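Visitor:
Protein chains: 2
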Amino acid sequence: MLLLHLNTVDEEFWAKQLGRLLPNMGIVRRGDTFNASDIQYVFVWKPQKNVFDGLTNLKAILSLGAGVDALLAHPNLPENTPIVRFVDDELTQCMGDYVVANVSMHHRCFSQYRTDQKAKSWTQFFPPPSWDIRVGIMGLGVLGQDAAMRLLGLGYQVNGWSRSEKTIKGLTGFVGKSELDIFLAQTDILVNLLPLTPDTQSILNYPLFTKLCRTGLKGGPVLINAARGGHQVEADIARALTDGTLGAASLDVFEVEPLPKDSPLWQIENCYITPHIAAISNPESGASYFARVIREHENGRPLLNVVDNRRGY
Amino acid sequence: MLLLHLNTVDEEFWAKQLGRLLPNMGIVRRGDTFNASDIQYVFVWKPQKNVFDGLTNLKAILSLGAGVDALLAHPNLPENTPIVRFVDDELTQCMGDYVVANVSMHHRCFSQYRTDQKAKSWTQFFPPPSWDIRVGIMGLGVLGQDAAMRLLGLGYQVNGWSRSEKTIKGLTGFVGKSELDIFLAQTDILVNLLPLTPDTQSILNYPLFTKLCRTGLKGGPVLINAARGGHQVEADIARALTDGTLGAASLDVFEVEPLPKDSPLWQIENCYITPHIAAISNPESGASYFARVIREHENGRPLLNVVDNRRGY
Chain A
0 MLLLHLNTVD EEFWAKQLGR LLPNMGIVRR GDTFNASDIQ YVFVWKPQKN
50 VFDGLTNLKA ILSLGAGVDA LLAHPNLPEN TPIVRFVDDE LTQCMGDYVV
100 ANVSMHHRCF SQYRTDQKAK SWTQFFPPPS WDIRVGIMGL GVLGQDAAMR
150 LLGLGYQVNG WSRSEKTIKG LTGFVGKSEL DIFLAQTDIL VNLLPLTPDT
200 QSILNYPLFT KLCRTGLKGG PVLINAARGG HQVEADIARA LTDGTLGAAS
250 LDVFEVEPLP KDSPLWQIEN CYITPHIAAI SNPESGASYF ARVIREHENG
300 RPLLNVVDNR RGY
Chain B
0 MLLLHLNTVD EEFWAKQLGR LLPNMGIVRR GDTFNASDIQ YVFVWKPQKN
50 VFDGLTNLKA ILSLGAGVDA LLAHPNLPEN TPIVRFVDDE LTQCMGDYVV
100 ANVSMHHRCF SQYRTDQKAK SWTQFFPPPS WDIRVGIMGL GVLGQDAAMR
150 LLGLGYQVNG WSRSEKTIKG LTGFVGKSEL DIFLAQTDIL VNLLPLTPDT
200 QSILNYPLFT KLCRTGLKGG PVLINAARGG HQVEADIARA LTDGTLGAAS
250 LDVFEVEPLP KDSPLWQIEN CYITPHIAAI SNPESGASYF ARVIREHENG
300 RPLLNVVDNR RGY
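Going down the list, the sequences are from chains A and B. Counting in numbering that gives the first Met the number 0, the first sequence runs from 0 upward without gaps. Counting in numbering that gives the first Met the number 0, the second sequence runs from 0 upward without gaps.
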């Protein structure tokens, strides 16, 4: 039996889709009457405190969303129950779209031309070709690798930084804390797609910004964060954007969401804010994915995309 | 003997580079003393009226810049002298960069999020993945084909419209006037990279904008023009942006350049103006290119990238 515990408006849609795809699996929702010990799978999003109560026969926890930081921080998370992450082509594509749009916008000096337009100023300067721009991607999971491939295809120089070594054709990889500084020194545009873990919490801070390359982009180095608000120290970003340590930033995530009205980031001209919309899980492809996870596991195959709880992603 | 007639500040640089690469070819500039009948090649940019006077032994005219519309309109252009266009990897790359940045920016609803940011409004909506966006490229020369390849690599649906049939893998082609309307009806983002000819003069006009797809992009169809100002009717663009026929426009070229201060385009919020900087000819790779053109021709090989004067490009 599968229990849905999705704090989203479309739980009914998910229940219907999964019921159609898994006709032999009973599907229940919060509020339904069922025996907690019959639940084999629980499908969660922003789980409430009591979600795991009484689930003594759980085979797996299915997580809607690619990041599992909130789930791993749950005080009552059952030990030793595997967690399956959402890996979705549409989410990956949308994240790549967001990264390409923001990298290319900053590379093409969007802010400066917009300022000139407001002043009706016809001032020619020529952005360099993409092969002169070095994009540094932090985090080379599914999303980071996909973004890297897209940017390489556009001609950018792409460097990657990750916890463990990854081999991606055309990309120069840097590994672990010892290589972070040399990675940053060669980065004109920094893209964060790391998982949020105790190691990466608040990693996007002022001292890090000072280590980015200062000679690449005309306006100064650029920060793009589409991972988690917990990665960034917003007071440091505001300071760096104001004093020129950063030339610009594109932020899709924030320490507190929605971003509070009194955040200084809203009004910083070279800060580009989007309301956590870089990429969303598509319920149609998502239902197919989780139905496949359950079907294959019921047929004796190993679970797909299982989280390493100690690693944190 | 090669005569340089470049109305640009870096004529001296070109003279030096070409002299180094073509040690056996005499190189002269305007103002130098030379016999007009000794000139075999003339290298021009925005040519003045008297540039061709007395050049009775001309083998070829070399044109700096990919578009030759101004040159073909020159009142004293020698008949039957081949014109060689500039084809340059860096120019091609920069044009592709410009197209990708502007397509992805509009696809990702940049204008709407920027408006929301100014209002400190956290309003979530999710741009579709790129595979739901149809980009229509007018003109499938070197620049159009390169832009098409980049956009296809990013997952966009790409259609092309050209005078003669072109086969490009992954791209749906439409040919000639008879197929223009069905091409437009399937276009969410229109990218103009046509050559400027009598046939394409003022092609970007109000009736054309009304034929673009109205159901694709949330804000309405988008126009991107990085070819020539002569392609566009600016009064029609201003009207279409104001009445919602167009959702947004990115314009790099204008009927009169620099764009006059009294143009209404400067102040239209959803019009993104850049001062003819999408792509520039790089003098270093350019000198190599033209040196190669001359060297090969002197060795009896056919000229590269010769303009078809009747076709106009």
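Just so you know, even glycine gets a beta-carbon here, dropped at the ideal spot from N, CA and C. Quick caveat, the model's predicted, so the values are computed rather than measured.
Taking A:Gln82 and A:Ser62 to be in contact with their CB atoms under 8 Å, please state how far apart those CB atoms are, rounded to whole angstroms.
Guide: Correcting the residue identity first, residue 82 of chain A is Ile in this sequence and not Gln. Indeed, because the Cβ distance is near 6 Å, the residues count as touching under 8 Å.
Visitor: Using the three-state DSSP reduction, which class does A:Gly285 fall into: helix, strand or coil?
Guide: If DSSP states are grouped into helix, strand and coil, A:Gly285 belongs with the helices.
Visitor: Cutting at 8 Å between CB atoms, please list the residues of its own chain near A:Ala146, excluding the five before and the five after it.
Guide: Excluding positions up to five away in sequence, the list reads Met94, Gly95, Val98, Val99, Ile136, Val190 and Leu192.
Visitor: Which chain B residues are close to A:Ser103, counting only those with a beta carbon under 8 Å from its beta carbon?
Guide: The answer, in chain order, is Asp96, Val99, Ala100, Ser103 and Met104.
Visitor: Please list, in chain order, all residues of the same chain as B:Asp180 whose beta carbon is under 7 Å from its beta carbon, the five residues on each side excluded.
Guide: The answer, listed in chain order, is Lys210.
Visitor: For A:Gln92, name the three-state secondary structure that DSSP assigns.
Guide: Correct three-state label for A:Gln92: helix.
Visitor: With burial defined as no fewer than 16 other Cβ atoms inside 10 Å of the residue's Cβ, what is the status of B:Asn34: buried or exposed?
Guide: That one is exposed.
Visitor: Among B:Pro282, B:Ala248 and B:Asn281, which residue has its Cα nearest to the Cα of B:Met104?
Guide: Answer by Cα proximity: B:Ala248.
Visitor: With burial defined as no fewer than 16 other Cβ atoms inside 10 Å of the residue's Cβ, what is the status of B:Ser284: buried or exposed?
Guide: With fewer than 16 Cβ atoms within 10 Å of its Cβ, B:Ser284 is classed as exposed.
Visitor: List, in order along the chain, the chain A residues whose C-beta lies closer than 9 Å to that of B:Tyr112?
Guide: Going along chain A in sequence order, the residues near B:Tyr112 (Cβ under 9 Å) are Tyr271, Ile272, Thr273, Pro274 and Ile276.
Visitor: Please list, in chain order, all residues of the same chain as A:Met24 whose beta carbon is under 6 Å from its beta carbon, the five residues on each side excluded.
Guide: Result list for A:Met24: Leu1, in chain order.
Visitor: Hey, B:Gly243 and B:Gly215 are a contact pair by Cβ (cut 8 Å); roughly how many whole angstroms apart?
Guide: B:Gly243 to B:Gly215, Cβ: 14 Å. No contact.
Visitor: Within 8 Å (strictly less), CB to CB, does B:Ile279 reach chain A?
Guide: Judged by the 8 Å Cβ criterion, B:Ile279 is in contact with chain A.
Visitor: First and last residue of the beta strand (DSSP E) that includes A:Leu76?
Guide: Per DSSP, A:Leu76 belongs to no beta strand (DSSP E) and is neither H nor E.
Visitor: Strictly under 8 Å for the Cβ-Cβ distance: is B:Glu313 near chain A by that measure?
Guide: Given a span of 0 to 312 for chain B in the structure shown, any question on residue 313 of chain B remains unanswerable.
Visitor: Would you kindly check if the distance between the Cβ of B:Val134 and the Cβ of B:Ile188 is under 8 Å?
Guide: A contact, by the Cβ cut-off of 8 Å.
Visitor: Please identify the residue among B:Thr186, B:Thr273 and B:Phe125 whose C-alpha is closest to the C-alpha of B:Leu245.
Guide: Among B:Thr186, B:Thr273 and B:Phe125, the Cα nearest to that of B:Leu245 is on B:Thr186.
Visitor: Among B:Gly228, B:Met148, B:Asn224 and B:Asn204, which one has its Cα closest to the Cα of B:Arg238?
Guide: It is B:Asn204.
Visitor: Can you check which of these residues, A:Lys58, A:Arg28, A:Tyr40 and A:Gln92, is closest to A:Ser280 by C-alpha distance?
Guide: Closest option to A:Ser280, Cα to Cα, is A:Gln92.
Visitor: Do B:Leu250 and B:Asn224 count as a contact pair if the criterion is CB distance below 8 Å?
Guide: The answer is yes: Cβ separation under 8 Å.
Visitor: Which of the residues in the stretch 213-245 of chain B, read from start to end, lie with their CB under 7 Å from any CB of chain A?
Guide: Answer in chain order: no residues at all.
Visitor: Is it right to say A:Arg162 is buried, meaning 16 or more other beta carbons lie within 10 angstroms of its own, or is it exposed?
Guide: Burial call: buried.
Visitor: Kindly list, in the order they appear in chain B, the residues whose Cβ is closer than 9 Å to that of A:Phe124.
Guide: Under the 9 Å cutoff, chain B gives Pro274 and Ile276.
Visitor: Ignoring anything shorter than 4 residues or poking outside the stretch 124-167 of chain B, list the alpha helix (DSSP H) runs there in chain order.
Guide: Here the runs fully enclosed are 141-152.
Visitor: Kindly indicate which residue of A:Glu256, A:Thr199 and A:Leu183 has the alpha-carbon position closest to the one of A:Cys212.
Guide: Minimum Cα distance to A:Cys212 is reached at A:Leu183.
Visitor: Could you please give me the residues that DSSP links to A:Gly30 through a beta bridge?
Guide: Answer by DSSP bridge pairing: none, since A:Gly30 is not bridged.
Visitor: Can the beta-carbon of A:Gly159 be found less than 8 Å from the beta-carbon of A:Phe173?
Guide: Yes, the Cβ-Cβ distance between A:Gly159 and A:Phe173 is below 8 Å.
Visitor: In whole angstroms, what is the alpha-carbon distance linking B:Pro301 and B:Asp31?
Guide: Cα to Cα, B:Pro301 sits roughly 30 Å from B:Asp31.
Visitor: Just list the residues that DSSP pairs B:Cys270 with in beta bridges.
Guide: B:Cys270 pairs with B:Ala248.
Visitor: According to DSSP, what are the bridge partners of A:Thr171?
Guide: Bridge partners of A:Thr171: A:Asn158.
Visitor: Just reading off the beta strand (DSSP E) that A:Ala184 is part of, what are its end residues?
Guide: Careful: A:Ala184 lies outside any beta strand (DSSP E), inside the alpha helix (DSSP H) at Leu179 to Ala184.
Visitor: Ends of the alpha helix (DSSP H) at B:Leu20?
Guide: Its alpha helix (DSSP H) spans residues Glu10 to Leu20.
Visitor: Classify A:Phe208 as helix, strand or coil using the three-state DSSP reduction.
Guide: A:Phe208 falls in the helix class under three-state DSSP.
Visitor: Note down, in chain order, every chain A residue with its Cβ under 7 Å from the Cβ of B:Lys119.
Guide: The contacting residues are Lys260 and Trp265.
Visitor: How would you label A:Val50, buried or exposed, when you count the other beta carbons within 10 angstroms and need 16 or more for buried?
Guide: Counting Cβ neighbours within 10 Å, A:Val50 comes out buried, since at least 16 surround it.
Visitor: Keeping to the same chain, check which residues put their C-beta closer than 6 Å to that of B:Asp131; ignore five residues upstream and five downstream.
Guide: Excluding positions up to five away in sequence, the list is empty.
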